[in-house]
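Going line by line, the protein sequences match chains Z and A.
Each residue of the first sequence is one higher than the last, beginning at 89 in our numbering.
Each residue of the second sequence is one higher than the last, beginning at -18 in our numbering.
Glycine included, each C-beta is placed from N, C-alpha and C at the ideal position.
Since the model is a prediction, treat every value here as computed from it, not as a measurement.
Working notes, beginning with the structure itself.
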Amino acid sequence: MATKASRSAARLMISPAVLLLLGWMLVPLCLTLYFSFLRYNLLQIGATPFAGWENYYWFVTDPSFKAAIQNTLVLVGGVLAITTIGGLFAAILLDRPMFGTGIIRIMVIAPFFVMPTVSALVWKNMFMNPVNGIFGRIATSLGFQPVDFFGQIPLASIIIIVSWTWLPFATLILLTALQSLDQEQLEAAEMDGAGWWSRFWFIMLPHLARAITVVILIQTIFLLSIFAEILVTTNGGPGTATTNLTYLIYVSSLLQFDVGMGSAGGVIAIILANIVAIFLMRMIGKNLDA
Amino acid sequence: MARAVSNRTKVANTAIAGALGFLMFFPILWILFLAFKTEEDAIRAPLEVLFGSGWTMESFATVQARSDYFKHFSNSVIISLGSTFLGLLVAIPAAWSMAFVPSKHTRNVLMWMLSTKMLPPVGVLVPIYLIFRDLELLDTRFGLTIVLMLINLPIIIWMLYTYFKEIPGEILEAARMDGATLRAEILYVLTPMAIPGMASTVLLNIILAWNEAFWTINLTASNAAPLTQFITSYSSPEGLFYAKLSAASVMAIAPILIMGWFSQKQLVRGLTFGAVK
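Printed below as a string of structure tokens:
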């Protein structure tokens, strides 16, 4: 029923969005690529000569790059493990019949709406501070030595903070998926004598497989870009103990003003994110009936 | 066919789930308490804080007096509402045309729009920063509004698209048969059906823009700083600050918490791009 006129009208309606996104993607992307091959530091006034692969070479061979990659993997992996497994159990728990479902669900989901800088500072000061924090108080009152979270286990501390934010996300999505599970199927299995574990393993888990994959992929995209939590708690330290790739690029470009180096790091970050994105896009594309 | 569940099972479930809910919500609850304490009381042992001290509003007043809190609060409001409004302006026609006049490119366009969201922000930090510096957009509300509009545009378009898709085409045809003009069709048939979807899109986008903490921190300093950036001034605090940090935090998260409660379902749809419904 679409006529030629309505087609061209449709094209006109969509073009502002396409042009804006195209500009937003292409211009900075090309500039990042271009800068990454220049010897370009904002502190040095003058020429910005072509540098070949120099920036990439120095960025990759720097010891902090290796640390940053390791930290990124541990951070993403740690948060994914906690939130996916925890979210699975939380979702199953919240799906059961109970009193006050609405209010309990809201309490579990609330952390997702707390801005990253607030959650990081609240955890750092009110909970993880060895003297005045609640964890420290509890440890002291039980006669233990309080843990100095950001001194002794800095990366684990950040994993805890970030997991607190993302556990609700995983829970919410898995709960939504769980609610679309046919209850009669579960009842039939139960009547046939299937125990809780086999119902979980053979019915719930396969039903949730797709949602779990989506949770993992989407979280990975966001977790690769963790920044604010690190900035306000540890500034990437002690040493490079909590520097992830995003933070390392931030340091070289906006703190050391090394545009060339920062851009080379940016290109590497884009490539890494794309590896995940390809899988995610495929999953989403399958579901799209356009 | 709901299964009969004994009250005992229900009570047991409620207890376990309630414990989980309490644990997850506790940090928020805690700053809500601390915000109404004096600084001296706020660092006392947890039980003393709860039962052995009075309540006061002084931290809220201090935060406002010391750092002009409402300037940053209004920056957050302006930037998140502004970026949402601009985003809608661009996204509604785009989503509309893709949903109602699909072409063979629609699928690819949608997927490509989604791919722009996968670009890690740090990958384009340097050029955006330099462009902003040269255009004198650093630390301006206008610049930040534009950036937040652009980073959330794919999500807005996708959400609107999935909502528009659910409006059955038969209804439009029926209206046309009854002699409705295009104007009447859009005004009286499509719009009322699209409003719930648009409202949830707006809600989710405001939440995302309000909490965005990469561009807001890197592109602002003081003038245009929204709450995400403002709170970072407490990361190297002087003296006693728990009550003040709590007061500032409570005010920063309260509006979004309330909006979030209304948008749980839409959150799933928006953040999974329709992959989980």
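8 angstroms is my cut-off, CB to CB: does Thr37 of chain A come that close to chain Z?
Your numbering for residue 37 of chain A matches position 56 in the second sequence. No, no contact with chain Z.
Kindly indicate if chain A contains any beta-carbon less than 8 angstroms away from that of Tyr145 of chain Z.
Taking the first residue of the first sequence as position 1, residue 145 of chain Z is located at position 57. With respect to chain A, the C-beta atom of Tyr145 of chain Z has no partner C-beta closer than 8 angstroms.
Between the CA atoms of Glu272 of chain Z and Met(-18) of chain A - distance to the nearest angstrom
To locate residue -18 of chain A, count along the second sequence from 1; it is residue 1. To locate residue 272 of chain Z, count along the first sequence from 1; it is residue 184. Confidence at Met(-18) of chain A is low in this model, with a pLDDT of 39, below 50, so the placement of that residue should be treated as unreliable; the coordinate-derived value is given next. Their Cα atoms are separated by approximately 8 angstroms.
Which residue or residues does DSSP assign as beta-bridge partners of Phe415 of chain Z?
Given a span of 89 to 378 for chain Z in the structure shown, any question on residue 415 of chain Z remains unanswerable.
Which of helix, strand or coil does DSSP assign to Asp346 of chain Z?
The residue given as residue 346 of chain Z occupies position 258 in the first sequence. Here Asp346 of chain Z carries a strand assignment [DSSP, helix/strand/coil].
Would you give the residue range spanned by the alpha helix (DSSP H) that Val107 of chain A belongs to?
Taking the second sequence and counting its residues from 1, the one referred to as residue 107 of chain A is at position 126. Val107 of chain A -> alpha helix (DSSP H) spans Leu106 to Asp115.
Cutting at 6 angstroms between CB atoms, please list the residues of its own chain near Met89 of chain Z, excluding the five before and the five after it.
Stepping through the first sequence from its first residue, residue 89 of chain Z is reached at position 1. In this prediction, Met89 of chain Z scores a pLDDT of 49, lower than 50, which makes its location untrustworthy; no coordinate-derived value is stated.
Please check if any C-beta of chain A sits within less than 8 angstroms of the C-beta of Gly239 of chain Z.
Taking the first residue of the first sequence as position 1, residue 239 of chain Z is located at position 151. At a cut-off of 8 angstroms between C-beta atoms, Gly239 of chain Z does not count as an interface residue with respect to chain A.
Under 8 angstroms between C-beta atoms, does Ile306 of chain Z make it to chain A?
The sequence position of residue 306 of chain Z within the first sequence is 218, counting from 1. Judged by the 8 angstroms Cβ criterion, Ile306 of chain Z is in contact with chain A.
So Thr184 of chain Z contacts chain A; which residues on that side make the cut at Cβ distance below 7 angstroms?
Residue numbering aside, residue 184 of chain Z sits at position 96 when the first sequence is read from its first letter. Note that residue 184 of chain Z is Arg in the sequence shown here, rather than Thr. For a Cβ distance threshold of 7 angstroms, residue set Asn(-6) of chain A lies close to Arg184 of chain Z, ordered along the chain.
If you run the structure through DSSP and keep just helix, strand and coil, what is Met38 of chain A?
Residue 38 of chain A sits at position 57 when you count from the first residue of the second sequence. If DSSP states are grouped into helix, strand and coil, Met38 of chain A belongs with coil.
Can you round the beta-carbon distance between Val30 of chain A and Leu108 of chain Z to whole angstroms, since I take them to be within the 8 angstroms contact cut?
Here residue 30 of chain A refers to the residue found at position 49 of the second sequence. Here residue 108 of chain Z refers to the residue found at position 20 of the first sequence. The pair is not a contact, with the Cβ atoms about 50 angstroms apart (cut-off 8 angstroms).
Candidates Z:Phe290, Z:Asp150 and Z:Thr189: which alpha carbon is nearest Thr349 of chain Z's?
Taking the first residue of the first sequence as position 1, residue 349 of chain Z is located at position 261. Contrary to the premise, residue 349 of chain Z reads as Met rather than Thr in this sequence. Ranking Z:Phe290, Z:Asp150 and Z:Thr189 by Cα distance to Met349 of chain Z puts Z:Asp150 first.
Boundaries of the alpha helix (DSSP H) in which Trp196 of chain A is found, first to last residue
For the purposes of this step, residue 196 of chain A is taken as residue 215 along the second sequence, with counting starting at 1. Where Trp196 of chain A is concerned, the enclosing alpha helix (DSSP H) stretches over Trp196 to Leu200.
Does any CB atom of chain A fall closer than 8 angstroms to the CB of Asn129 of chain Z?
Within the first sequence, the letter at position 41 stands for residue 129 of chain Z. It does not; no Cβ of chain A falls within 8 angstroms.
State buried or exposed for Tyr169 of chain A, treating a residue as buried only when at least 16 other CB atoms are found within 10 Å of its CB.
On the second sequence, residue 169 of chain A is found 188 positions in, with the first residue counted as 1. A residue is called buried when at least 16 other Cβ atoms come within 10 angstroms of its Cβ; Tyr169 of chain A does not meet this threshold and is exposed.
Helix, strand or coil at Glu317 of chain Z [DSSP, three-state]
By 1-based counting over the first sequence, the position of residue 317 of chain Z is 229. DSSP places Glu317 of chain Z in helix when its eight states are reduced to three.
Starting from the beta carbon of Arg225 of chain Z, find every residue of chain A whose beta carbon is closer than 7 angstroms, and list them in chain order.
As a first step, residue 225 of chain Z is located in the first sequence; it is residue number 137 there, counting from the start. Ala26 and Pro27, listed in chain order.
Below-8 angstroms beta-carbon distance, Ala169 of chain Z vs any chain A residue:
Position 81 of the first sequence holds residue 169 of chain Z. For Ala169 of chain Z, the answer is no, since every Cβ of chain A falls outside 8 angstroms of its Cβ.
If you run the structure through DSSP and keep just helix, strand and coil, what is Glu193 of chain A?
Reading the second sequence from its first residue, position 212 is the one you call residue 193 of chain A. Three-state result, Glu193 of chain A: coil.
For Lys85 of chain A, which three-state DSSP category applies?
For this step, residue 85 of chain A is matched to residue 104 along the second sequence. Secondary structure of Lys85 of chain A (DSSP, three-state): coil.
Counted within 10 angstroms of its Cβ, other Cβ atoms place Pro135 of chain A as buried (16 or more) or exposed
On the second sequence, position 154 is the one that residue 135 of chain A refers to. Buried, since its Cβ has 16 or more Cβ neighbours within 10 Å.
Along chain Z, which residues have their Cβ under 7 angstroms away from the Cβ of Val82 of chain A?
Counting from 1 along the second sequence, the entry for residue 82 of chain A is found at position 101. Ala90, Ser94, Arg95 and Ala98, listed in chain order.
Give me, in chain order, the residues of the same chain whose beta-carbon lies closer than 8 angstroms to that of Thr87 of chain A; leave out the 5 immediate sequence neighbours on both sides.
For the purposes of this step, residue 87 of chain A is taken as the residue at position 106 of the second sequence. The answer, listed in chain order, is Met79.
Give the residues of chain Z in contact with Gln245 of chain A, contact being defined as C-beta atoms less than 7 angstroms apart.
Counting from 1 along the second sequence, the entry for residue 245 of chain A is found at position 264. When 7 angstroms is used as the limit between beta carbons, Gln245 of chain A is near these residues of chain Z: Ile197 and Leu260, in chain order.
Flag this pair as yes or no: are the beta carbons of Ala46 of chain A and Met101 of chain Z separated by less than 8 angstroms?
Position 65 of the second sequence, counted from the start, is the residue given in the question as residue 46 of chain A. Position 13 of the first sequence, counted from the start, is the residue given in the question as residue 101 of chain Z. Contact: no.
Please list the terminal residues of the continuous alpha helix (DSSP H) segment that includes Val206 of chain Z.
To locate residue 206 of chain Z, count along the first sequence from 1; it is residue 118. In this chain, the alpha helix (DSSP H) harbouring Val206 of chain Z covers Pro204 to Val210.
Contact with chain Z by Ser55 of chain A, beta-carbon distance below 8 angstroms
For this step, residue 55 of chain A is matched to residue 74 along the second sequence. No, no contact with chain Z.
Could you check if Arg250 of chain A is buried or exposed, using at least 16 other CB atoms within 10 Å of its CB as the buried criterion?
Locating residue 250 of chain A in the second sequence gives position 269, where the first residue counts as 1. So Arg250 of chain A counts as buried.
Can you confirm whether Asn186 of chain A, when its beta carbon is compared against all beta carbons of chain Z, has any partner nearer than 8 angstroms?
Residue numbering aside, residue 186 of chain A sits at position 205 when the second sequence is read from its first letter. No, its Cβ sits nowhere closer than 8 angstroms to a Cβ of chain Z.
Note down, in chain order, every chain Z residue with its Cβ under 8 angstroms from the Cβ of Pro135 of chain A.
Looking up residue 135 of chain A in the second sequence gives position 154. In chain order: Leu109.
Under 9 angstroms from the C-beta of Leu208 of chain A: neighbouring residues of chain Z
Position 227 of the second sequence holds residue 208 of chain A. Under a criterion of Cβ atoms nearer than 9 angstroms, the residues of chain Z adjacent to Leu208 of chain A are, in order, Met203, Thr205 and Val206.
Would you please state the rounded distance, in angstroms, between the beta carbons of Ala190 of chain A and Leu129 of chain A? I believe it to be under 8 angstroms.
Taking the first residue of the second sequence as position 1, residue 190 of chain A is located at position 209. Taking the first residue of the second sequence as position 1, residue 129 of chain A is located at position 148. In this structure Ala190 of chain A is in contact with Leu129 of chain A, their Cβ atoms being roughly 5 angstroms apart against a cut-off of 8 angstroms.
Measuring alpha carbon to alpha carbon, tell me which of A:Ser244, A:Met179, A:Asn133 and A:Leu125 ends up nearest Leu200 of chain A.
Along the second sequence, one-based indexing puts residue 200 of chain A at 219. Minimum Cα distance to Leu200 of chain A is reached at A:Leu125.
Taking only beta-carbon atoms, is Val105 of chain A less than 8 angstroms away from chain Z?
Taking the second sequence and counting its residues from 1, the one referred to as residue 105 of chain A is at position 124. Yes, because at least one Cβ of chain Z sits closer than 8 angstroms to the Cβ of Val105 of chain A.
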